[in-house]
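Position in the sequence shown counted from 1, then plus 504, gives you my numbering. First comes the structure, then the notes that go with it.
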Amino acid sequence: MNLKVLSLTAVAVAAFVAPAAAHHSFAMFDAEKTVTLQGTVKEFEWVNPHSWLRVMVNDEKTGKPMLWAIEMSSPGRLVTMGMHADSVKAGDTISVTFHPLKDGARGGQFIQAVLPGGKEVLRANARDENQ
Numbered sequence: 505m506n507l508k509v510l511s512l513t514a515v516a517v518a519a520f521v522a523p524a525a526a527h528h529s530f531a532m533f534d535a536e537k538t539v540t541l542q543g544t545v546k547e548f549e550w551v552n553p554h555s556w557l558r559v560m561v562n563d564e565k566t567g568k569p570m571l572w573a574i575e576m577s578s579p580g581r582l583v584t585m586g587m588h589a590d591s592v593k594a595g596d597t598i599s600v601t602f603h604p605l606k607d608g609a610r611g612g613q614f615i616q617a618v619l620p621g622g623k624e625v626l627r628a629n630a631r632d633e634n635q
């Protein structure tokens, strides 16, 4: 009886822990390319597991503003980079550098940003990529 209860408990614990250890692939981003855009912050989502920076950028061909979605690190990691929930707000003008999506959609994986006032935020391992 105790062996059954212990086994069932172990299986239940493993089932709840597995999703916490899971993480998505970054294969959708082209790590060989970087793009730098200047635009106006539409929204900054300070959420787990990844924060999101949504920026309106004027399209070079049409001149119309287009929405770009940049996937960032978790809030905890962003704090270690010097960024906080109130570092940017809607309407702020920023420059952001990222690895673009391979499919050409308007989005990417955050590398660095220059925030209002000139403060630079650099992803923790971004320096390693450029060496």
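Even glycine gets a Cβ: it sits at the ideal position worked out from N, Cα and C.
Within-8 Å CB hit, residue i to chain D
i    : result
A589 : Within the model displayed, chain D is absent; a lone protein chain is all it includes.
Limits of the unbroken beta strand (DSSP E) element including residue i
i    : result
P569 : 569-575
E624 : 624-626
L557 : 556-562
Beta carbon of residue i nearer than 8 Å to that of residue j
i    : j    : result
Q542 : T601 : no
A639 : W550 : Here the chain covers residues 505 to 635 and nothing more, so residue 639 does not appear.
S555 : S578 : yes
G612 : V539 : yes
Bridge partners - residue i, DSSP secondary structure assignment
i    : result
G611 : A573
H603 : Q613
T597 : T544
F533 : L605
V592 : V592 is not bridged to any residue.
Same chain only: Cβ atoms within 6 Å of residue i, ignoring 5 sequence neighbours per side
i    : result
T544 : M560, T597
Span of the alpha helix (DSSP H) around residue i
i    : result
G543 : G543 -> not in any alpha helix (DSSP H); beta strand (DSSP E) instead, spanning 539-549.
L582 : 579-584
Residues of its chain near residue i, where Cβ-Cβ distance is below 7 Å and the 5 sequence neighbours each way are ignored
i    : result
V625 : M585, G586, M587, Q616, A617, L619
E547 : R558, A594
V532 : Sequence check: residue 532 is Met here, not Val. Closer than 7 Å at the Cβ level, and outside the excluded window around M532, lie L605, K606.
F530 : Q613
H603 : F533, D534, A535, K537, T538, G612, Q613, I615
### Message
Under 8 Å: do the region 543-559 and the region 573-582 share three or more Cβ pairs, one atom per stretch?
### Response
At 8 Å Cβ cutoff, the stretches touch.
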